[in-house]
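Each number in our numbering comes from the position in the sequence shown (counting from 1) with 194 added on.
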Amino acid sequence: MENASYTRKEVLNKARELGKLISETEEVDFFKRAEEQINKNLRVQELIGKIKNKQKEAVNLQHYGKTEALKKVEQEIDELNNEIDQIPLVQEFKQSQTEVNHLLQLVSTTISNTVTDEIIESSGGDKLRGTTTKNPFIPIHKQ
195 MENASYTRKE
205 VLNKARELGK
215 LISETEEVDF
225 FKRAEEQINK
235 NLRVQELIGK
245 IKNKQKEAVN
255 LQHYGKTEAL
265 KKVEQEIDEL
275 NNEIDQIPLV
285 QEFKQSQTEV
295 NHLLQLVSTT
305 ISNTVTDEII
315 ESSGGDKLRG
325 TTTKNPFIPI
335 HKQ
């Protein structure tokens, strides 16, 4: 078995490089532009403000056990959320968030799978079975 070739610090530096690379993708660029538009949109900001105020009100009502009033405020929050979700700009922003999250998940899964495959291969294991060593309990079929 080979000795370790990279230090933790070197791997983290590569991870930072990868992070910078990801931050310069089309998906992240679209996300940043969508977020900028969200921040400039007065109607969206007004609705966000109303939602935050209603959420604070809900926390207070819950704290004081005002169940009926809490239900009413929670319904108002749902209505405000539905209203904001109908705005095309918000839909685009949420879609861009989903795409960035998907890209990050894809990168994470790819790294994990690559590490697993490298461990299996370097230990003489079987990638198809996902085992790191020859398992004495798995029969070897004659070919």
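By construction, the Cβ of each residue, glycine as well, lies at the ideal position given by its N, Cα and C atoms.
- Ranked by how close their Cα comes to the Cα of residue 285, the residues 259, 231, 269 have 231 in first place.
- Between the C-alpha atoms of residue 313 and residue 320 there is a straight-line separation of about 10 Å.
- In terms of Cβ geometry, residue 327 and residue 316 do not form a close pair [threshold 8 Å].
- Taking one beta carbon from each stretch, the region 287-295 and the region 214-226 have 3 or more pairs nearer than 8 Å; the two touch.
- Counting only unbroken stretches of 3 or more residues, no beta strand (DSSP E) element lies wholly within the region 269-312.
- Scanning 221, 249, 198, 203 for the CA closest to the CA of residue 263 turns up 249.
- DSSP places residue 207 in the uninterrupted alpha helix (DSSP H) bounded by 202-217.
- Short of 7 Å from the beta carbon of residue 238, and not among the five residues preceding or following it, lie these beta carbons of its own chain, in chain order: 232, 278, 281, 283, 284.
- At the C-beta level, residue 275 and residue 245 come within 8 Å of one another.
- DSSP, read as helix, strand or coil, puts residue 261 in helix.
- Cβ neighbours of residue 302 within its own chain (closer than 8 Å, five residues either side excluded): none.
- Where residue 233 is concerned, the enclosing alpha helix (DSSP H) starts and stops at 220-234.
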